[in-house]
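See structure below.
2 protein chains.
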Amino acid sequence: MTDEVRIYEVGPRDGLQNEARPVATSAKARYVALLAAAGLREIEATSFVSPRAIPQLADADALLPTLLADPAVGGRGVRLPVLVPNLRGLRRAEEAGATALAVFTAATDAFTERNIGLTVAASLDGFRPVLERAGQLGWWRRGYVSTAFGCPYTGLVEPAPVVAVALRLVELGCEEVCFGDTIGVGVPSQVSELAGRAIEAGIPAGRIAFHFHDTRGTALANVVAGLASGIRCFDASTGGTGGCPYAPGAAGNLATEDLVYLLDGLGYRHGVDLGRLLEAARFVAGTLGRPLASKVGLAGGWDPATGRPTGRA
Amino acid sequence: MTDEVRIYEVGPRDGLQNEARPVATSAKARYVALLAAAGLREIEATSFVSPRAIPQLADADALLPTLLADPAVGGRGVRLPVLVPNLRGLRRAEEAGATALAVFTAATDAFTERNIGLTVAASLDGFRPVLERAGQLGWWRRGYVSTAFGCPYTGLVEPAPVVAVALRLVELGCEEVCFGDTIGVGVPSQVSELAGRAIEAGIPAGRIAFHFHDTRGTALANVVAGLASGIRCFDASTGGTGGCPYAPGAAGNLATEDLVYLLDGLGYRHGVDLGRLLEAARFVAGTLGRPLASKVGLAGGWDPATGRPTGRA
């Protein structure tokens, strides 16, 4: 089994989308450039949803071309997926130069109905023409299955419906499915079970990603369980941006710097430099005007040769 | 293998020892009573070190008898180990009514020399009469091996010297050895290796505990690795008290409520009620006048039947 892990950075989209404070387009571009400079090669850049629904990402049409034109980002071949909810969003993404997209649904109707105003089945029906058109354009396509372990409205979610939605996304053309622990309730035994069931159902481990939230501190333990199941792609948000909207003050996305520290310690290769990543983390925290929401952001990395912390401000 | 896990609470001693703000004896007694009410059965209560060295715990001679006399603590048979550095401390502990102690050394001379003014070997020599006398008194005895993964002065620590110190502590009479990740740098692969080496060297898994710091977010992942190696005792500090003295603002001890959430999710039995534990966590945070330093303290637990958080203030 390969020791290479893909880190899929979600800070600019999922992180900033959940931050109350708006960020200028130029600051977003700088943030993504710092992420690319740290070695990240997949950065979910923005979302082509309605600007009224998510004003934080209303500058998508301007931001994406800027990133693609940046020699240090688009010029280096960094993959910049964008969230696309429908054909209207796809047309905007296409005009902005996108070559990779993500669609977003969940395992529970209760969640999608409140989140995107559709049942899960209706959301999948809506994705069909989007994913078909994106396939014709040669785009890379990812499908999110949110509430993969628990739903804030219905409670525990069993693996069966999660795998069923993932299979539909694969049938519709997604190169990758990503299981999201939206409210941060999952534990490692659930991760092993879901990964095993998805692989058994015919989705190769190499096409499965996990998106953990550290809301209850289990994100890195869940990553280790995913690795043991053969999963080699994990989402994370530099600086730990994107607090949990269901618990004010609580953590949301796993911080990329915490993930990198773990992977470095376990000897996995991922191409990201922790010191440079911490520069990006400090930049985004400074931009948002708040302390870093990550453990490694506060403590720094660690030099096994000297015992001293590394990369701290 | 048993599904019962012992949670060894270190908040009153290790947590408060590292807090700048002093806590009144009556508040400490209340804190321990709340911990016992939550179901904790082993609570490291205080330390019989020099009051000048650690003024935060200078009230040990008054606190321990209070706890032992409390029907809800001593009266319930809660084990209340106290840290004892030498024979002088042992005499004080004996007078105060102790029946369980812990001695504290490390795997690296650089650490013990700065921390307790002795080499590791000299510290072990000093423990011999302490542990002998405690054995004659019928006390339960634990030995800490600090810097078990990394030392802030010398860097990476290999398992061999850690196991060597642990074996000496067992020879000297310790019923339990506890490996401490003092600066919070360990990752799961190191935990598995150290546990395996210690067991191979002849220390039964049931006599090994781990003390993880969540400084870099790896504590729960490390607990899972320990569980997989057969370890069934983990230290934690309710409310996440005890920041990391080597990285101001960074986390120290794993929070007990985060550990309990994980163990509940994995189906281990431990006897602690998360909701009541969160009351103790809020009490100590309020007493220290600062926000809770734990993920579950901020987010709450979770009810799989409804999807709603539990135990939040």
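Taken in sequence, the protein lines are chains A and B. My numbering puts the first residue of the first sequence at 1, with every later residue one more than the last. My numbering puts the first residue of the second sequence at 1001, with every later residue one more than the last. Glycine residues also receive a C-beta, built at the ideal position from the N, C-alpha and C atoms.
Of all Cβ atoms in chain B, is any one closer than 9 Å to the Cβ of residue i?
i, result
"Cys233 of chain A", "no"
"Arg312 of chain A", "yes"
"Ile183 of chain A", "yes"
"Gly300 of chain A", "yes"
"Pro51 of chain A", "no"
"Asp273 of chain A", "no"
"Val284 of chain A", "no"
"Ser294 of chain A", "yes"
If you draw a straight line from the alpha carbon of residue i to that of residue j, how long is it in whole angstroms?
i, j, result
"Val1049 of chain B", "Arg1013 of chain B", "11 Å"
"Glu176 of chain A", "Leu169 of chain A", "8 Å"
"Arg182 of chain A", "Val1103 of chain B", "Before going on, a small fix: residue 182 of chain A reads as Thr here, not Arg. Taking the straight line from one Cα to the other gives about 43 Å."
"Ala38 of chain A", "Thr1002 of chain B", "44 Å"
"Phe1234 of chain B", "Lys1028 of chain B", "22 Å"
"Val1163 of chain B", "Arg1030 of chain B", "37 Å"
"Gly1134 of chain B", "Arg1079 of chain B", "According to the sequence shown, residue 1134 of chain B is Ala rather than Gly. Rounded to the nearest angstrom, the two C-alpha atoms are 15 Å apart."
"Ala299 of chain A", "Gly1249 of chain B", "8 Å"
"Gly243 of chain A", "Gly11 of chain A", "11 Å"
"Thr218 of chain A", "His211 of chain A", "12 Å"
"Pro152 of chain A", "Ala107 of chain A", "12 Å"
"Arg1114 of chain B", "Asp109 of chain A", "59 Å"
Taking the CB atoms as reference points, tell me whether residue i and residue j lie closer together than 9 Å.
i, j, result
"Arg197 of chain A", "Gly173 of chain A", "no"
"Thr215 of chain A", "Ala293 of chain A", "no"
"Ile7 of chain A", "Val260 of chain A", "yes"
"Gly307 of chain A", "Leu278 of chain A", "no"
"Thr1105 of chain B", "Leu1124 of chain B", "yes"
"Val32 of chain A", "Gly89 of chain A", "no"
"Val1145 of chain B", "Gly1186 of chain B", "no"
"Ala1024 of chain B", "Leu1064 of chain B", "no"
"Pro1309 of chain B", "Asn1018 of chain B", "no"
"Ala1166 of chain B", "Gly1143 of chain B", "yes"
"Ala195 of chain A", "Gly230 of chain A", "yes"
"Gly1264 of chain B", "Leu1254 of chain B", "Rather than Gly, the amino acid found at residue 1264 of chain B in this sequence is Asp. No, the Cβ-Cβ distance between Asp1264 of chain B and Leu1254 of chain B is not below 9 Å."
"Pro85 of chain A", "Ser47 of chain A", "yes"
Under DSSP, the beta strand (DSSP E) around residue i begins and ends at which residues?
i, result
"Tyr8 of chain A", "Arg6 to Glu9"
"Ala1219 of chain B", "Counting along the chain, Ala1219 of chain B falls outside any beta strand (DSSP E), though it belongs to the alpha helix (DSSP H) covering Ala1219 to Ala1228."
"Thr105 of chain A", "Ala100 to Ala106"
From which residue to which residue does the alpha helix (DSSP H) around residue i run?
i, result
"Phe111 of chain A", "Asp109 to Ile116"
"Phe336 of chain A", "In the structure as shown, chain A starts at 1 and stops at 313, and residue 336 of chain A therefore has no counterpart that could be examined."
"Ala121 of chain A", "Val120 to Gln136"
"Asp61 of chain A", "Ala60 to Ala69"
"Asp264 of chain A", "Thr256 to Leu266"
"Glu171 of chain A", "Pro159 to Glu171"
Specify the secondary structure class of residue i as computed by DSSP and reduced to three states.
i, result
"Tyr31 of chain A", "helix"
"Leu83 of chain A", "strand"
"Tyr153 of chain A", "coil"
"Tyr1144 of chain B", "strand"
"Ile199 of chain A", "helix"
"Phe1361 of chain B", "As displayed, chain B neither begins before 1001 nor continues past 1313, which places residue 1361 of chain B out of reach and without an answer."
"Arg1207 of chain B", "helix"
"Ala236 of chain A", "strand"
"Arg1282 of chain B", "helix"
"Thr2 of chain A", "coil"
"Gly1301 of chain B", "strand"
"Ala1042 of chain B", "The sequence as given places Glu at residue 1042 of chain B; Ala does not occur at that position. Reduced to three states, the DSSP call for Glu1042 of chain B is strand."
"Pro188 of chain A", "helix"
"Pro22 of chain A", "coil"
"Pro309 of chain A", "strand"
Using beta carbons (cut-off 9 Å, strictly below), is residue i in contact with chain A?
i, result
"Thr1119 of chain B", "no"
"Ala1225 of chain B", "yes"
"Leu1277 of chain B", "no"
"Asp1070 of chain B", "no"
"Pro1159 of chain B", "no"
"Gly1217 of chain B", "yes"
"Ala1122 of chain B", "no"
"Thr1154 of chain B", "yes"
"Pro1245 of chain B", "no"
"Ala1106 of chain B", "no"
"Asp1109 of chain B", "no"
"Ala1148 of chain B", "no"
Notebook entry, point to check: Which residues, taken in chain order from the region 1186-1205 of chain B, show a beta carbon closer than 9 Å to some beta carbon of chain E?
Noted result: Of the protein chains in this structure, namely A and B, none is chain E.
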